[in-house]
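Visitor: Terminal number for the sequence shown in our numbering: 206, no gaps in between. C-beta atoms are modelled at their ideal positions from N, C-alpha and C, and glycine is treated no differently. All of these numbers come straight from a predicted model, not from anything done at the bench. First, the structure itself, so that you have it in front of you.
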Amino acid sequence: AYQSHSKLVWLDIRVFYVRISSFMVDDSTPECLTLNHIPLSPDTLLEVNGARCSIYSEGSSCILRRDRLDKKSEEATFVSTDSIRLSGSVKFEVFHKEDLVLSGVLEMSCSNGFTSKYNGNPRKWSMNCETVMSAGAGFLKGKHIISSESSSPTIEVYVAGCFLGAPVILTKTLQFNHRKKPNRKVVLDSIPEYDTAATNKDDGSR
């Protein structure tokens, strides 16, 4: 098994950071976030700081440490420089304690423009991700800046590494959504409506 692994092509991630902007930065801003990587296939191997993750595990975690806190520019940056190696597609998740902030996928696919010297197939890496936590939840609760040009806080995801000797840089900028809460409001409104209907029925029967 190890002999066959020596012929694998790896994405070596050197830097993984998220930058959150357009929110009120203060002493309550988290000092770190948690980054999880989860293989999407039994054939995908994952190594973090030289330790290989078992295909039967739920992935591996590392820390995104708060690297920059700028109250004036209203942004905070969280960085990991742990050595992360991937042989295939993985799902990644960023948490603050128990709150899932965002999730995404690092995926290797074919493309006209990069040819693997191992099998002759063109390959490239791509990243897709989305925010999960809303702008009014978790550590962003009450931190929205009304005067900001952005309608809600944004988060930039940045991954830099190397694949087959060539540099790889993947970036994505997302906006935290303001989630509406219609279900809770409907439930609260339905109770007095039901009670009123029942009261009217009782009044009519008297």
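To the nearest angstrom, how far is the alpha carbon of R68 from that of F78?
Guide: The residue given as residue 68 occupies position 68 in the sequence shown. The residue given as residue 78 occupies position 78 in the sequence shown. If I take the Cα positions, the gap works out to 7 Å.
Visitor: DSSP state of R14, grouped into three classes?
Guide: Taking the sequence shown and counting its residues from 1, one reaches residue 14 at position 14. Correct three-state label for R14: strand.
Visitor: Are C39 and G88 touching if we call contact CB-CB under 8 Å?
Guide: As a position in the sequence shown, residue 39 is number 39, starting the count at 1. As a position in the sequence shown, residue 88 is number 88, starting the count at 1. Just to set this straight, residue 39 is Pro in the shown sequence, not Cys. Yes; because the gap between Cβ atoms is below 8 Å, this pair is in contact.
Visitor: If you reduce the DSSP assignment to three classes, tell me which class F163 lands in.
Guide: Here residue 163 is taken as the residue at index 163 of the sequence shown, counted from 1. Residue state, collapsed to three classes: strand.
Visitor: Can you round the beta-carbon distance between P153 and A135 to whole angstroms, since I take them to be within the 8 Å contact cut?
Guide: As a working note, residue 153 is residue 153 in the sequence shown. As a working note, residue 135 is residue 135 in the sequence shown. P153 to A135, Cβ: 6 Å. Contact.
Visitor: Expressed to the nearest angstrom, what Euclidean distance is found between the alpha-carbon atoms of E211 and L35?
Guide: The structure shown has nothing for residue 211, since the chain only spans 1 to 206.
Visitor: What are the residues that DSSP puts in a beta bridge with K124?
Guide: As a first step, residue 124 is located in the sequence shown; it is residue number 124 there, counting from the start. For K124, which the question treats as bridged, DSSP gives the partners S109.
Visitor: Quick one: give me the first and last residue of the beta strand (DSSP E) that T34 is part of.
Guide: What you label residue 34 is simply residue 34 of the sequence shown in a count that begins at 1. Here the beta strand (DSSP E) through T34 covers C32 to P39.
Visitor: Assign C53 to one of two classes, buried (16 or more other C-beta atoms within 10 Å of its C-beta) or exposed (fewer than that).
Guide: Against the sequence shown, residue 53 aligns to sequence position 53. Buried.
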